[in-house]
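Okay, so the sequence shown: first residue is 6 according to our numbering, each after it adds one. Here the structure is laid out as C-alpha cells; the discussion comes afterwards.
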Amino acid sequence: MDTSIFSFIMSLIWCSIFLLFAAILRRKTDFVLKYGVSFILLILIIGIARLLLPFEPHFAIVIHATSIMPALQRFLTDSIFQIRDISISLFDIFMSIWAIGSLVYLSSIFIGISKAARRIRNLSSSYDPQVQRIMDAIILDSKPKQKYRIIISDDIASPMLVGFFAPTVLLPPMSLSDEEMRFVLLHEWNHFLHKHLWIKLLFNVLCALMWWNPLMYMIKSDLDYILEVSCDRLVVKSFEDDERLGYVESTLEVMKQLINSKPHPSLYSIGFVSTADPEKIVQRSELILFPPQKISRRIQKTLAATILGLMVASYLFIVQPTAPPPKSTNEEYINISPENSYLCPNEYGTYKLFVDGKYVDTFNPDELESKPYSSLPIKNKEDH
Numbered sequence: 006m007d008t009s010i011f012s013f014i015m016s017l018i019w020c021s022i023f024l025l026f027a028a029i030l031r032r033k034t035d036f037v038l039k040y041g042v043s044f045i046l047l048i049l050i051i052g053i054a055r056l057l058l059p060f061e062p063h064f065a066i067v068i069h070a071t072s073i074m075p076a077l078q079r080f081l082t083d084s085i086f087q088i089r090d091i092s093i094s095l096f097d098i099f100m101s102i103w104a105i106g107s108l109v110y111l112s113s114i115f116i117g118i119s120k121a122a123r124r125i126r127n128l129s130s131s132y133d134p135q136v137q138r139i140m141d142a143i144i145l146d147s148k149p150k151q152k153y154r155i156i157i158s159d160d161i162a163s164p165m166l167v168g169f170f171a172p173t174v175l176l177p178p179m180s181l182s183d184e185e186m187r188f189v190l191l192h193e194w195n196h197f198l199h200k201h202l203w204i205k206l207l208f209n210v211l212c213a214l215m216w217w218n219p220l221m222y223m224i225k226s227d228l229d230y231i232l233e234v235s236c237d238r239l240v241v242k243s244f245e246d247d248e249r250l251g252y253v254e255s256t257l258e259v260m261k262q263l264i265n266s267k268p269h270p271s272l273y274s275i276g277f278v279s280t281a282d283p284e285k286i287v288q289r290s291e292l293i294l295f296p297p298q299k300i301s302r303r304i305q306k307t308l309a310a311t312i313l314g315l316m317v318a319s320y321l322f323i324v325q326p327t328a329p330p331p332k333s334t335n336e337e338y339i340n341i342s343p344e345n346s347y348l349c350p351n352e353y354g355t356y357k358l359f360v361d362g363k364y365v366d367t368f369n370p371d372e373l374e375s376k377p378y379s380s381l382p383i384k385n386k387e388d389h
C-alpha cells in the first residue's frame, strides 16, 4: 500500500463526508429512536479511521485528471523560495502551519486538564448523607466495584463526572428526592463505566489534528449531547414506562433548580445537563421515554456491513493528476496507465518510462513507489 499527497487528500474528503453524515443523522429524531446513538458513533469511528488510514491500495482504480489536479499539484509543490538550498513549497508551508496549530491545540488540551484537576483538588466539599447512602448502594450493585469521591460545592454549576482513572462526582447543592438523586448518580456513574470521558478526550485529540476542519467543531458541539443521550439510554434500558417518566421529570427538575447556572462542559468533565437548547431537550426526553425499537441482529449486521462497505469502497478510487513529461519538453500532461505504459530497468539501477512505445523519462526506484508508476509492468530490453 502506498501513501501520497493525493491519497491523503482523498482521506480528508472521505472523513469529512462521514462526519457530515453523522451530524445530519444526529438531528433526525426518528432515526435515533429507531437505531439509537450507537449507529451514529459507529459512523464517527469509521470516519476517524478513514482519516488515520490514508493508504492507496494496489487494487485502487486511478482516475486521471488532466486539468484541475495537475494545476493543484503544481500550485502546492512548486518551489516558491529557498532556505540554504532547501526548496520550500506552498505545501510545505501549509503542513508547517497545520503541525504548529495541532501542537498548540494539543498543548491547550493538556494544560486545560491540568488546570481543571488543580481547581477540583482545591474545592471544599460539604457532606450529604442522602448522596452518600444512594451512591454506596449504586456502587454495591456495580461491576466492577470502584472507589469514588463526591464533592458538593456552590462552585459547581451542574452534576458532572471527572477523573479518567479515579472517578469524582461533582454536585451543586440540590433539593431532590431519593429517586431523583438516584437517577442523577446512576447517570454519572454510567459515564464512568462506559469510558465516556476517554471518548471525549480521544475526539478532542482528533480535533487537534483536524483543527482547521469546521465539521470537526460541528460534531464536537454535539459530542457532549450524544454521550448524554447514550448514557440516558444505558440507564433506562431496563426501566418500565413509569420509571422512564420519572427519569425525564428528574432531568427537568435538575434543569429547573439550576436554571440560573449555565452548563459549561469541559474536556475534563461530562455531565447530567450539557445543554439548554430546547430542541435538544425535547429530543432527549423523547429518546428516554420511548425505548428503541427491537432491531434484529440481521438488520444490525446489515447496517454495520453497509458502513464498513462504504469505508472499503472509499479506497476503490483515487484521483491523481496525469504524470508530467520531462522538464525539457513543452508537451502537455500525458496519460500513464498499465495499458499504454511500462518501465524498463537499465544498467545504472534506474528505470526508463515508455508510453505508447516511446521513451518519456528516467526515474530512480524511490520515485516509482506511488501511482501511477507503482502499477506499471516492468519489461526487460528483450521484451520490447
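Cβ coordinates follow ideal geometry from the N, Cα and C atoms, glycine included. Only a predicted model underlies this, so the values are computations on that prediction, with no experimental measurement involved.
- For residue 288, no beta strand (DSSP E) encloses it; the enclosing alpha helix (DSSP H) starts and ends at 283-294.
- With fewer than 16 other CB atoms across the displayed protein chains lying within 10 angstroms of its CB, residue 91 is exposed.
- Only residues of its own chain outside the window of five on either side were considered, and among them 42 have a CB closer than 6 Å to the CB of residue 235, listed in chain order.
- About 4 Å separates the beta carbon of residue 56 from that of residue 20, a gap short enough to meet the 8 Å contact definition.
- The Cβ-Cβ distance between residue 187 and residue 139 falls below 8 Å.
- With three or more CB-CB distances shorter than 8 Å, the segment 123-140 counts as touching the segment 171-179.
- With contacts defined as CB atoms closer than 8 Å, residue 275 and residue 232 qualify as a contacting pair.
- Inclusion of residue 200 and residue 228 in the CB contact set at 8 Å is not warranted, their separation being larger than that value.
- For residue 256, the number of other beta carbons within 10 angstroms of its own is at least 16, and it is reported as buried.
- Residue 185 places its beta carbon 8 Å or farther from that of residue 248.
- The C-beta distance from residue 377 to residue 325 rounds to 7 Å, short enough to meet the 8 Å contact threshold.
- Taking 8 Å as the cut-off, the Cβ atoms of residue 189 and residue 181 count as close.
- Counted as a single uninterrupted DSSP element, the beta strand (DSSP E) harbouring residue 165 occupies residues 165-167.
- Only buried fits residue 11, as 16 or more other CB atoms lie within 10 angstroms of its CB.
- The straight-line gap separating the alpha-carbon atoms of residue 60 and residue 7 is approximately 6 Å.
- As a beta-bridge residue in DSSP terms, residue 325 pairs with 69.
- A distance below 6 Å between beta-carbons, with the five flanking residues on each side excluded, links residue 154 to the following residues of its chain, in chain order: 173.
- Following the DSSP letters along the chain, one finds residue 346 inside the beta strand (DSSP E) bounded by residues 346-350.
- Annotated three-state conformation of residue 301 is coil, per DSSP.
- Scanning the segment 70-122 for uninterrupted alpha helix (DSSP H) segments of 4 residues or longer gives 73-82, listed from N- to C-terminal end.
- The three-state secondary structure of residue 312, taken from DSSP, is helix.
- Just measuring C-alpha positions, the residue of 245, 51, 343 sitting nearest residue 308 is 51.
- The C-beta of residue 288 has 16 or more other C-beta atoms within 10 Å across all chains shown, which makes the residue buried.
- Shown here for residue 99: same chain residues with a beta carbon closer than 8 Å to its own, the five before and five after excluded, namely 81 in chain order.
- Between residue 343 and residue 381, the beta carbon gap of about 6 Å places them in contact (Cβ cut-off 8 Å).
- Excluding residues up to 5 positions away in sequence, 356 lie with their Cβ nearer than 6 Å to the Cβ of residue 350 in the same chain.
- Residue 385 is classed as exposed because its beta carbon has fewer than 16 other beta carbons within 10 Å across all chains shown.
- Rounded to whole angstroms, residue 158 and residue 252 show a C-alpha spacing of 24 Å.
- With a threshold of 16 other beta carbon atoms within 10 Å, residue 195 meets it and is buried.
- Around the CB of residue 27, 16 or more other CB atoms lie within 10 Å, so the residue is classed as buried.
- The closest CA to that of residue 123, considering only 372, 132, 54, 168, is found on 168.
- Counting along the chain, no alpha helix (DSSP H) covers residue 32, and no H or E run does either.
- Exclusion of the five residues before and after residue 214 leaves 107 as the residues of its chain whose Cβ lies within less than 7 Å of its Cβ.
- For residue 225, the uninterrupted alpha helix (DSSP H) segment begins and ends at 219-241.
- Residue environment analysis places residue 292 among the buried positions, since at least 16 neighbouring C-beta atoms fall within 10 angstroms of its C-beta.
- Nearest C-alpha to residue 70 among 383, 83, 340: 340.
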